[in-house]
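Protein chains in written order, with our numbering: chain A, 14 to 264; chain B, 14 to 264.
Notes follow the structure.
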DNA sequence: GGAATTTGTACTCTAACCTAGACAAATATA
DNA sequence: TATATTTGTCTAGGTTAGAGTACAAATTCC
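So, in structure tokens, the structure goes:
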């Protein structure tokens with residue numbers, strides 16, 4: 014079931030279960046209906062269900078039906094947009110970072126544009142994977158202009174947050190723009206995040222600027238949606254015309 | 014190429030092109046390298062490229078290479094998190110709404126939990142698709158407690174924003190929580206959004222509460238990432254410890 | 001002009017995937 | 001207890017996708 018209709022259905026059902034669309038202990042639609050919904054034969058649906066069963070996400074009982082089974086399955090981390098990880102470590106859970114790649118190369122056009130560099134400028138590129146309690150949940154690719162990247166060492170990246178390294182570099186990080194989309198997992202990130210190629214990922218890109226509007230860092234992050242989710246609270250302001258972000262009181 | 018390795022590669026490359034990973038007019042990796050990257054044969058890569066070419070996203074020239082071709086291709090809309098669509102219509106572009114489903118049903122466990130209802134409570138469920146200049150970009154499923162849903166008519170949903178309808182119902186919408194993830198397109202939403210099953214979608218869920226903390230509306234939205242992107246500006250606050258959302262000055 | 005690169009085309013073989021149907025076995029329901 | 005529902009098992013057959021290879025044709029680069 015490397016890549017096939019059965020796998021599509023498997024992935025869709027897995028997302029639905031993880032997303033609470035089907036509640037714990039609840040019955041899934043019967044195989045015949047799932048087959049109709051996806052326009053495939055029952056045999057194909059069965060292969061998808063078999064994969065889910067093997068993963069322990071569902072239980073099938075002949076004559077009765079198919080049921081969601083989430084006993085000890087962890088819920089995704091809910092991260093605030095503004096500050097991603099500060100409170101995680103405070104909660105006593107341990108995130109570890111693995112550095113997969115590090116080097117200097119010519120900026121691709123898209124990166125050069127984002128950072129406001131010349132087309133042939135050199136940038137430091139690093140690829141890191143972050144894991145929570147041993148379970149990888151994010152794949153981070155960062156681009157930093159060469160001059161700034163040289164202010165810290167490769168080994169620093171594996172142990173310290175990049176933003177704190179940039180702070181020490183003497184540049185004043187003032188503002189950032191970020192945008193969130195969705196992407197399919199390519200083989201390389203799929204391997205790094207321990208998922209299958211073609212899974213859905215949250216794609217976040219962020220560019221950080223200093224006071225003078227110079228680009229300091231460009232980040233392309235991919236998150237496993239079953240382990241990481243972006244959360245935000247909104248409050249209506251007095252006029253009632255707009256919704257504005259409500260800042261949480263967590264440290 | 015309904016669902017296959019070739020299709021995975023096609024989708025991945027399409028995302029990369031739309032996401033600016035390969036710049037306009039730039040050359041893609043040669044077929045041999047793409048094949049190696051994805052661990053498939055060159056024939057398979059060629060089928061993916063053929064699909065991209067048919068869509069006009071690339072141009073292939075024998076002996077020269079394969080090139081990105083984004084002439085009149087529209088860029089995705091960048092929406093702010095707090096208020097999604099207010100400024101869109103102000104820009105003169107027209108969004109249209111199509112009501113795909115409307116009715117009252119028993120709340121699923123997940124929905125009941127989100128809204129703080131009893132397990133067997135009835136809710137109004139509606140499914141809408143929103144399009145910009147005729148191109149669909151979002152698939153919205155909303156759940157509203159029955160008593161509140163009865164305060165407006167089915168026809169209202171096709172013409173007015175739901176939040177304004179809820180305003181008129183006499184309930185004071187005070188705060189909301191929303192979270193963003195990613196999901197694969199199921200056949201039904203794929204058809205509604207004019208994409209292929211298995212494409213990556215941004216999944217946003219939002220629950221709106223009134224002053225007393227009662228759930229008023231639960232929204233499950235799916236967005237095409239090539240047409241819609243969530244954007245946010247961040248500013249560092251004085252202490253330097255946190256990043257906080259910077260409110261834009263657009264009306 | 002010549003060599004190297006890159007896309008285009010053609011072919012075979014194999015394996016995996018999917019459909020369709022029928023029936024059995026377990027369970028739930030009236 | 002009888003009936004309907006639902007998962008489990010099996011078979012047969014057809015289609016498609018993919019790997020691998022080889023060579024042709026166009027382009028680029030020296």
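Backbone N, C-alpha and C fix where the C-beta goes; we use that ideal spot for every residue, glycine too.
In this text, all values refer to a predicted model and were calculated from it rather than measured experimentally.
Just to make sure I have the definition right: I need the residues of chain B whose C-beta is within less than 7 Å of the C-beta of residue i. Which are they?
i, result
"residue 123(A)", "33, 34 and 36"
For a quick check, are the C-beta atoms of residue i and residue j less than 8 Å apart?
i, j, result
"residue 217(B)", "residue 236(B)", "yes"
"residue 212(A)", "residue 203(A)", "yes"
"residue 244(A)", "residue 127(A)", "no"
"residue 175(A)", "residue 155(A)", "yes"
"residue 138(B)", "residue 110(B)", "no"
"residue 238(B)", "residue 214(B)", "yes"
"residue 157(B)", "residue 44(B)", "no"
"residue 140(B)", "residue 114(B)", "yes"
"residue 210(B)", "residue 21(A)", "yes"
"residue 34(A)", "residue 166(B)", "no"
"residue 177(B)", "residue 161(B)", "no"
"residue 107(A)", "residue 169(A)", "no"
"residue 234(B)", "residue 151(B)", "yes"
"residue 48(B)", "residue 19(B)", "no"
"residue 6(A)", "residue 171(A)", "Given that chain A is displayed from residue 14 to residue 264, the structure contains no residue 6(A) and the question cannot be resolved."
"residue 73(A)", "residue 66(A)", "yes"
Let's see if you can read the secondary structure: which residues bound the alpha helix (DSSP H) around residue i?
i, result
"residue 23(B)", "18-31"
"residue 77(A)", "Counting along the chain, residue 77(A) falls outside any alpha helix (DSSP H), and DSSP gives it neither H nor E."
"residue 46(A)", "44-51"
List, in chain order, every chain B residue whose beta-carbon is nearer than 9 Å to that of residue i.
i, result
"residue 50(A)", "199, 200 and 201"
"residue 244(A)", "190, 191, 192 and 193"
Which chain A residues are close to residue i, counting only those with a beta carbon under 9 Å from its beta carbon?
i, result
"residue 247(B)", "94, 95, 188, 189, 190, 191, 219 and 221"
"residue 90(B)", "Those within 9 Å of residue 90(B) in chain A number zero; the least Cβ separation is about 11 Å."
Grab the span of the beta strand (DSSP E) containing residue i for me, first residue to last.
i, result
"residue 242(A)", "241-249"
"residue 55(A)", "That residue, residue 55(A), is in no beta strand (DSSP E); its alpha helix (DSSP H) goes 55-67."
"residue 37(A)", "Residue 37(A) -> no beta strand (DSSP E), and no H or E assigned at all."
"residue 92(B)", "90-93"
"residue 238(B)", "Per DSSP, residue 238(B) belongs to no beta strand (DSSP E) and is neither H nor E."
"residue 258(B)", "256-258"
Residues of chain B with a CB under 8 Å from the CB of residue i: which are they?
i, result
"residue 21(A)", "16, 197, 210 and 211"
"residue 24(A)", "197 and 211"
"residue 238(A)", "194, 195, 196 and 216"
Below 7 Å on C-beta distance, what does residue i contact in chain A?
i, result
"residue 225(B)", "Near residue 225(B) there are no residues of chain A at all, since even the closest Cβ is about 14 Å away, more than 7 Å."
"residue 39(B)", "122"
"residue 28(B)", "196 and 197"
"residue 161(B)", "Near residue 161(B) there are no residues of chain A at all, since even the closest Cβ is about 17 Å away, more than 7 Å."
Taking C-beta pairs closer than 8 Å, name the residues in chain A that residue i reaches, listed in chain order.
i, result
"residue 272(B)", "Given that chain B is displayed from residue 14 to residue 264, the structure contains no residue 272(B) and the question cannot be resolved."
Touch test, the segment 22-38 of chain A against the segment 111-120 of chain B, Cβ-Cβ under 8 Å, three pairs minimum: At 8 Å Cβ cutoff, the stretches do not touch.
Beta strand (DSSP E) runs wholly inside the segment 97-169 of chain B, at least 3 long, in chain order: The segment 97-169 of chain B contains these whole beta strand (DSSP E) runs: 108-119, 135-145 and 148-158.
Every unbroken beta strand (DSSP E) inside the segment 165-234 of chain A [3 residues or more]: Counting whole runs of 3 or more residues, the segment 165-234 of chain A contains the beta strand (DSSP E) stretches 186-197 and 213-223.
Segment contact flag, the segment 37-44 of chain A with the segment 74-94 of chain A, C-beta cutoff 8 Å, min 3 pairs: When Cβ pairs closer than 8 Å are counted between the two stretches, the segment 37-44 of chain A is seen to touch the segment 74-94 of chain A, the count reaching three or more.
contact_flag[the segment 218-237 of chain B, the segment 181-189 of chain B] where n(CB pairs < 8 Å) is 3 or more: Contact holds between the segment 218-237 of chain B and the segment 181-189 of chain B, because three or more Cβ pairs, one in each stretch, are under 8 Å apart.
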